[in-house]
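For the record, the sequence lines run as chains A and B.
For the first sequence, the working numbering assigns the number 230 to the last residue and increments by one with no breaks.
For the second sequence, the working numbering assigns the number 230 to the last residue and increments by one with no breaks.
Note that the Cβ used here is the ideal one computed from N, Cα and C, for glycine as well.
All values derive from a computational prediction rather than experimental measurement.
Heads up: the structure comes next, in structure tokens.
Protein chains: 2
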Amino acid sequence: MESLLLIEDDDGIRLALSMALEDEGYSVAEAGTGTAGLAAFERQTPDLVLLDLRLPDMSGFEVCRAIRSTSIVPIIIITAQTDTVDMVAGLEAGADDYVTKPVVPKELAARIRALLRRVHLHAATSEPQVHFGDIELRREQGLVFKAGVELNLTKTEYRLLCEFADHAGAVLSRDQLLEHVWGYDYLGDSRLVDAHVRRLRLKIEDHPDDPQLIVTARGVGYRLVS
Amino acid sequence: MESLLLIEDDDGIRLALSMALEDEGYSVAEAGTGTAGLAAFERQTPDLVLLDLRLPDMSGFEVCRAIRSTSIVPIIIITAQTDTVDMVAGLEAGADDYVTKPVVPKELAARIRALLRRVHLHAATSEPQVHFGDIELRREQGLVFKAGVELNLTKTEYRLLCEFADHAGAVLSRDQLLEHVWGYDYLGDSRLVDAHVRRLRLKIEDHPDDPQLIVTARGVGYRLVS
DNA sequence: ACCCACGGTGCCCTCTTTGTTACCGAAATC
DNA sequence: GATTTCGGTAACAAAGAGGGCACCGTGGGT
Chain A
5 MESLLLIEDD DGIRLALSMA LEDEGYSVAE AGTGTAGLAA FERQTPDLVL LDLRLPDMSG
65 FEVCRAIRST SIVPIIIITA QTDTVDMVAG LEAGADDYVT KPVVPKELAA RIRALLRRVH
125 LHAATSEPQV HFGDIELRRE QGLVFKAGVE LNLTKTEYRL LCEFADHAGA VLSRDQLLEH
185 VWGYDYLGDS RLVDAHVRRL RLKIEDHPDD PQLIVTARGV GYRLVS
Chain B
5 MESLLLIEDD DGIRLALSMA LEDEGYSVAE AGTGTAGLAA FERQTPDLVL LDLRLPDMSG
65 FEVCRAIRST SIVPIIIITA QTDTVDMVAG LEAGADDYVT KPVVPKELAA RIRALLRRVH
125 LHAATSEPQV HFGDIELRRE QGLVFKAGVE LNLTKTEYRL LCEFADHAGA VLSRDQLLEH
185 VWGYDYLGDS RLVDAHVRRL RLKIEDHPDD PQLIVTARGV GYRLVS
């Protein structure tokens, strides 16, 4: 599930947008101030940021630049300012799009989809199948094969595997996995991820007790060897 | 110079936009019909396409989909339709942005820059890796290699190494390291840092008893040679 | 209503990692 | 050269982390 971070100080607008976007299938985190937004960004690393220009503690431009200084995450500015100068400034500050209030949820959702599609176009090298070891992942069909025979993965196992495949080689923390696979944003201590990693290993590893594909990064998380 | 393809049937608008964008430093090719636009696209492979929805011979949506079926080139739709439905349809057809007439050239130019910047960001997604000696630090993936083979660092060792890498060449005191790597703020006398530096040396140095990478600054701390 | 697959949790055992201590040797200082 | 200071090293104990297992609740299918 893709996650959005909505930084907007007006409670009414924030709630309305948040609900509309959750209906569109996104996991939405919210922040009411610039500092809270930046903190939430650091913690959750969302897939896209929605940013109001008028914030109580700092300018949206500053927030935009602060995020841009460390990340290439897509940013959409949402604001009441219809001035061309503001729009140009917002885009120059690193935003990818600029939408003026009142916001039509359908339109915003379409712009979010377009932007995320653009990002994914580049991320996924348009290769629908992924291989690692004797595992073949056909994302188009949602099927997984091991040495040619089809595996019967549950939905969670499949999503977990996709998440690993999307970041092949990189160490993923439990929090990252919880957020991206389950959509959780709380950071609780739980064996949830471990349990599912184990179940996934039982199905895709030759020797589940000596995993070669999904290896443990002790103290950090797990990692798919590429 | 980056090249744009402007597909627009109204001569006045086309000329005006074309001139404005050339002033912004782009090379602009023009087409007045959908078929001419597609032909020009095939011939010139521009860096970005500006597309009017109302064309004499075919719908802009069709043109958009036709281009998208063969290319991931960024597309901005320019149109008089302010309807949300049209906008959503345009973005779903594969466009990256949707601008309504009358077009403010400054705004269009800003959106073009934002979109091209987004594309370039991904083109240049070469991993930020750090090298020193035969050690390679891939921070994105949280992995460390020595002479091409992966090292198995513990969490603390990894963080310690990152701290050194962030201040390559600089002498870091034990207090600084305690503070940044461990989060301690008390200044106690202990061999804690030494012990971990040793463990790190055992893994990354060719001759741990004659360290070349992490050298001791006697009476002060340690330093990563760059 | 029943069953069963799946998702999620708690507990225990094992092994790794971490922080500490004691001791030793090297370097600086006198 | 003796002394003192500082870092290196090994050993050790405590804490931490993950694997494995059992178990429970739920929700869908029969």
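- Of all residues in the region 147–158 of chain B, only L147, T158 place a beta-carbon less than 8 angstroms from a beta-carbon of chain A.
- Along the region 84–101 of chain A, the positions whose C-beta sits under 9 angstroms from a C-beta of chain B are T88, V89, M91, V92, A93, G94, L95, E96, G98, A99, D100, D101, read in chain order.
- If you look at B/S22, you'll find it in the alpha helix (DSSP H) that goes 15–27.
- Listed in chain order, the beta strand (DSSP E) elements of length 3 or more contained wholly in the region 97–171 of chain A are 101–104, 133–136, 139–142, 147–150, 153–155.
- B/G225 is bridged by DSSP to B/S177, B/A221.
- Using a 10 angstroms sphere on the CB of B/M91, the tally of other CB atoms reaches 16 or more, which defines it as buried.
- For B/Y162, the closest Cβ of chain A is nearer than 9 angstroms.
- Counting along the chain, no alpha helix (DSSP H) covers B/I76, and no H or E run does either.
- Rounded to the nearest whole angstrom, the CA to CA distance from A/I82 to B/E144 is 30 angstroms.
- Under the Cβ criterion (8 angstroms, minimum of three pairs), the region 83–102 of chain B does not count as touching the region 9–16 of chain B.
- Distance from the CA of B/V201 to the CA of A/K159, rounded to the nearest whole angstrom, comes to 44 angstroms.
- At a Cβ-Cβ threshold of 9 angstroms, A/R122 and B/L119 count as neighbours.
- By the CB criterion at 9 angstroms, B/Y162 and B/V148 fall inside the cutoff.
- DSSP, reduced to helix, strand and coil, places B/D189 outside both helices and strands of the structure shown, so it counts as coil.
- By the C-beta density criterion, A/R115 is buried, having at least 16 other C-beta atoms within 10 angstroms.
- Put simply, the backbone Cα of A/V219 is about 5 angstroms away from that of A/R227.
- Within the model, the alpha-carbon separation for A/D179 versus A/E167 is close to 13 angstroms.
- Rounded to whole angstroms, the separation of the alpha carbons of B/V229 and B/P212 is 15 angstroms.
- At least 9 angstroms separates the beta-carbon of A/L95 from that of A/F45.
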